[in-house]
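**Student:** Each number in our numbering comes from the position in the sequence shown (counting from 1) with 68 added on.
From the three backbone atoms N, C-alpha and C, an ideal C-beta is built for every residue, glycine too.
Let me begin by handing over the structure; questions about it come next.
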Amino acid sequence: MQAYFSGNIKLLRKRKGRTQDEIATILGMYRSTLSGYENEVAKPSIEVLSAFSDYFNIAIDTLIKVDLSTLPESQISQLERGYDVYFKGSKIRVLASTVGPDNEENIELVPEKAKAGYTSGFSDPEYIKVLPTFRLPFLSKEKKYRSFQITGDSMLPIPDGSYITGEYVQNWKQIKNGKPYIVLTIEDGIVFKIVENHIQDKAALKLISLNPLYEAYEIDISKVKEIWSFVNFISNEIPEANQPKDELVKSMNQLRKEIKAIQTRLDFN
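This is the structure in structure tokens:
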């Protein structure tokens with residue numbers, strides 16, 4: 069406990085850009101006392117733990133039970149923004165998964181009819197266990213994959229009803245701008261979008277559709293539960309050709325004709 073607490077308060081202090089003197093003044097203690105906590109020389113009382121918890125907005129259980137230095141930036145950012153699993157009375161979640169008789173990872177399939185249940189049961193091993201499973205022999209056995217059925221036309225030319233296979237993203241710092249991801253959110257459930265990573269500056273993701281008729285929007289990272297990086301899709305339909313440039317050219321030509329016709333009428337008048 070002491071090792072985690074000492075390392076955690078030192079890490080959090082540095083992330084805030086504060087010196088020991090500044091934190092000690094804020095918390096009403098001597099700098100030497102704070103130094104003692106950070107160097108595992110002094111043991112904190114419950115009052116001291118409560119003070120650090122209030123200041124950093126992180127639960128006491130997290131400060132003493134979780135080694136924050138092992139967490140990805142995205143998770144630490146969530147904690148600092150108040151999204152702490154211990155404050156909410158739940159446990160830190162490990163990805164629920166299934167394996168076959170050969171003890172190798174399955175690819176679980178989340179069809180349209182199961183998407184609503186997945187939003188609430190994604191962390192429940194018993195729920196994940198009942199999902200249909202399959203294998204794709206050309207995918208790495210060292211990575212975790214899951215397939216989701218998408219609906220609608222927001223990601224055209226990928227057809228409605230396609231099955232999107234994604235690789236589980238453990239470290240959200242690895243999210244690359246302009247790449248497609250399956251994102252599980254608290255409010256919108258499963259969405260498949262092009263993503264811009266704004267975790268560092270805004271603690272948010274920007275979600276963009278391929279279909280220009282749909283506007284991009286941002287979502288707070290605290291509302292994100294899972295992220296899967298796009299690998300491939302399976303569909304029984306051939307994607308329609310996307311020809312926005314051709315359509316634009318036609319529209320411009322028609323507009324020129326209409327303008328020319330108006331000018332001709334004006335000349336005769």
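Is it buried or exposed for Val198, if we count other Cβ within 10 angstroms and need 16 for buried?
**Tutor:** Per the 10 Å Cβ criterion, exposed.
**Student:** Can you give me the Cβ contacts of Asp228 inside the same chain, cut-off strictly under 7 angstroms, excluding the 5 residues immediately before and after it?
**Tutor:** Cβ neighbours of Asp228 beyond the five flanking positions: Thr219, Gly220 and Asp221.
**Student:** Do you know offhand how far Ser165's Cα is from Ser103's?
**Tutor:** Taking the straight line from one Cα to the other gives about 43 angstroms.
**Student:** Closer than 6 angstroms by C-beta to Tyr186: which residues in its own chain qualify, once you throw out the five before and the five after it? Chain order, please.
**Tutor:** Same-chain partners within the cutoff: Val178.
**Student:** Please check the pair Leu273 and Val251, which I expect to be a contact at CB under 8 angstroms, by giving their CB distance rounded to whole angstroms.
**Tutor:** Indeed, because the Cβ distance is near 7 angstroms, the residues count as touching under 8 angstroms.
**Student:** What did DSSP end up calling Phe301 once you bin it into helix, strand or coil?
**Tutor:** Three-state result, Phe301: strand.
**Student:** Go through its chain and collect everything with a Cβ distance to Glu141's Cβ below 6 angstroms, but skip five positions before and after it.
**Tutor:** So the qualifying residues of the chain are Lys241.
**Student:** How about Val116 and Tyr72: are their beta carbons less than 8 angstroms apart?
**Tutor:** No, the pair does not count as a contact, with Cβ atoms beyond the cut-off.
**Student:** Among the candidates Ala184, Glu173 and Phe190, whose CA atom is the shortest distance from the CA of Glu210?
**Tutor:** Nearest option by C-alpha distance: Glu173.
**Student:** In terms of alpha-carbon separation, which member of Leu207, Leu163 and Lys270 lies closest to Asp192?
**Tutor:** Among Leu207, Leu163 and Lys270, the Cα nearest to that of Asp192 belongs to Leu163.
**Student:** Considering only residues of the same chain and omitting the five flanking positions on each side of Tyr285, which have a CB-CB separation below 7 angstroms?
**Tutor:** So the qualifying residues of the chain are Leu275.
**Student:** Could you have a look at Val116 and say whether DSSP puts it in helix, strand or coil?
**Tutor:** Val116: helix per DSSP, three-state reduction.
**Student:** Could you round the C-beta distance between Ser137 and Tyr105 to whole angstroms and report it? I think they count as a contact, below 8 angstroms.
**Tutor:** Actually they do not touch by this definition, with Cβ atoms about 16 angstroms apart.
**Student:** Which residue from Ser277, Gly189, Asn171 and Ile226 puts its Cα closest to that of Asn300?
**Tutor:** Asn300 has its Cα closest to that of Ile226, out of Ser277, Gly189, Asn171 and Ile226.
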